[in-house]
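Sequences listed follow chains A and B, in order.
Everything in the first sequence is counted per my numbering, starting at 174 for the first residue and increasing by one.
Everything in the second sequence is counted per my numbering, starting at 62 for the first residue and increasing by one.
To start, the structure under review is shown below, and the notes come after it.
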Amino acid sequence: DQQVKQNSPSLSVQEGRISILNCDYTNSMFDYFLWYKKYPAEGPTFLISISSIKDKNEDGRFTVFLNKSAKHLSLHIVPSQPGDSAVYFCAASPTSGTYKYIFGTGTRLKVLA
Amino acid sequence: ETGVTQTPRHLVMGMTNKKSLKCEQHLGHNAMYWYKQSAKKPLELMFVYNFKEQTENNSVPSRFSPECPNSSHLFLHLHTLQPEDSALYLCASSQAPNSYNSPLHFGNGTRLTVT
């Protein structure tokens, strides 16, 4: 049973437009969420995180939104650039005491020039 | 350049071989992790070490044996693996397990093929 789901395996977006990547979770104990980006032949790279006390966190072109009632988070990339083409993973964990980050299966983003 | 270094990058081994994966982190972190990434599956946590002590073994078969001699080094010893163990094995580190502002930092992984 997957506790973190990324239902879109792939997404194509035109350069300069907004990319929206979605993630749903089922465990109401999760209260810390992260997004990672992964290029081929490299390990995942941390992008941005959000805790459940917030509903939005912004870092440059990247914004993560959290809707706790819907158990949904999304990553917005504006404007999208060809270098953003990668696989994006969301991850979730409860912050108290456990070591388990639960990852989604990833969404492959392709930004078209 | 990543602060977490994994060697080798690629490994092909037979089912009767014994090999080891190595991970070293240069970030001053005190927790280290092994993850497995199989095709079309989420990253699966295998082991966690916190200050050299194993704190998590996520029901991993005994043919995978971790070793953490200090907070900067982590090994994964492999023996009598199965073809279904072929995957990307990722090492990660963090400042403290699951603390705020303590995301995982990953190495580039070892692509393992078991023949």
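Where is the CB? At the ideal position from N, CA and C, for every residue including glycine.
Comparing C-alpha positions only, which one of the options sits nearest to residue i?
i: S361/A; options: V186/A, W208/A and R234/A; result: Because residue 361/A is not part of the residues shown, which for chain A are 174 to 286, the question remains open.
i: T84/B; options: V73/B, P127/B, V121/B and N119/B; result: Before going on, a small fix: residue 84/B reads as Cys here, not Thr. If we check each option's Cα against that of C84/B, P127/B comes out closest.
i: T174/B; options: V121/B, K80/B and L135/B; result: K80/B
i: H134/B; options: R172/B, D146/B and W95/B; result: W95/B
i: S222/A; options: P213/A, G216/A and D232/A; result: D232/A
i: S181/A; options: R70/B, L72/B, K101/B and L88/B; result: K101/B
i: V73/B; options: S147/B, S163/B and S120/B; result: S147/B
i: K283/A; options: S183/A, N230/A and D174/A; result: S183/A
i: M280/A; options: D197/A, F203/A, K229/A and R190/A; result: Looking at the sequence provided, one finds Thr at residue 280/A rather than Met. The shortest C-alpha separation from T280/A is found at D197/A.
i: P130/B; options: E117/B, V65/B, K113/B and G64/B; result: K113/B
i: G168/B; options: G216/A, S192/A and A265/A; result: G216/A
Taking C-beta to C-beta, are residue i and residue j nearer than 8 Å?
i: G170/B; j: Q86/B; result: no
i: V237/A; j: L248/A; result: yes
i: K227/A; j: L239/A; result: yes
i: G277/A; j: P144/B; result: no
i: C263/A; j: F219/A; result: no
i: N91/B; j: Q156/B; result: yes
i: L285/A; j: V177/A; result: no
i: S154/B; j: H140/B; result: no
i: L107/B; j: C152/B; result: This sequence places Met at residue 107/B; Leu is not what is there. Cβ atoms of M107/B and C152/B: not closer than 8 Å.
i: L142/B; j: Q98/B; result: no
Tell me where the beta strand (DSSP E) around residue i begins and ends.
i: I221/A; result: T218 to S224
i: H90/B; result: Per DSSP, H90/B belongs to no beta strand (DSSP E) and is neither H nor E.
i: V284/A; result: T280 to L285
i: K211/A; result: Y205 to K211
i: P130/B; result: F125 to N131
i: V109/B; result: E105 to N111
i: V121/B; result: Per DSSP, V121/B belongs to no beta strand (DSSP E) and is neither H nor E.
i: I191/A; result: No beta strand (DSSP E) contains I191/A, which DSSP labels as neither H nor E.
i: V65/B; result: V65 to T68
i: M76/B; result: Careful: M76/B lies outside any beta strand (DSSP E) and carries neither H nor E.
i: T199/A; result: Segment: none, T199/A is in no beta strand (DSSP E) and carries neither H nor E.
i: T102/B; result: Note that residue 102/B is Lys in the sequence shown, not Thr. Careful: K102/B lies outside any beta strand (DSSP E) and carries neither H nor E.
i: K229/A; result: K229 to D232
i: Y261/A; result: A259 to S266
i: A153/B; result: A148 to S155
i: S247/A; result: H245 to I250
i: L135/B; result: H134 to H140
How about residue i: is its C-beta nearer than 8 Å to some C-beta of chain C?
i: E128/B; result: Structure shown: chain C not included; protein chains present are A and B.
Positions along the region 100-117 of chain B whose CB lies within less than 9 Å of some CB in chain A: Correct list: K101, K102, P103, L104, E105, L106, V109, N111, T116 and E117.
Interface positions of the region 68-95 of chain B facing chain A (Cβ-Cβ less than 9 Å), listed along the chain: For the region 68-95 of chain B, the beta-carbon criterion of a distance under 9 Å to any beta-carbon of chain A is satisfied by R70, A92 and Y94.
Chain-ordered residues of the region 236-253 of chain A with a beta carbon less than 8 Å from chain B: Per Cβ criterion, the list is empty.
Interface residues of the region 144-155 of chain B facing chain A [CB-CB below 7 Å]: Listed by position, the residues of the region 144-155 of chain B near chain A (Cβ gap below 7 Å) are L151.
Chain-ordered residues of the region 186-208 of chain A with a beta carbon less than 8 Å from chain B: The residues in question are Y205 and L207.
Residues of the region 162-175 of chain B whose Cβ lies closer than 8 Å to any Cβ of chain A, in chain order: Per Cβ criterion, the list reads N162, P164, L165, H166, F167, G168, N169 and G170.
Under 7 Å (Cβ pairs) to chain B, residues found in the region 219-234 of chain A: Cβ contacts with chain B: F219, S222 and S224.
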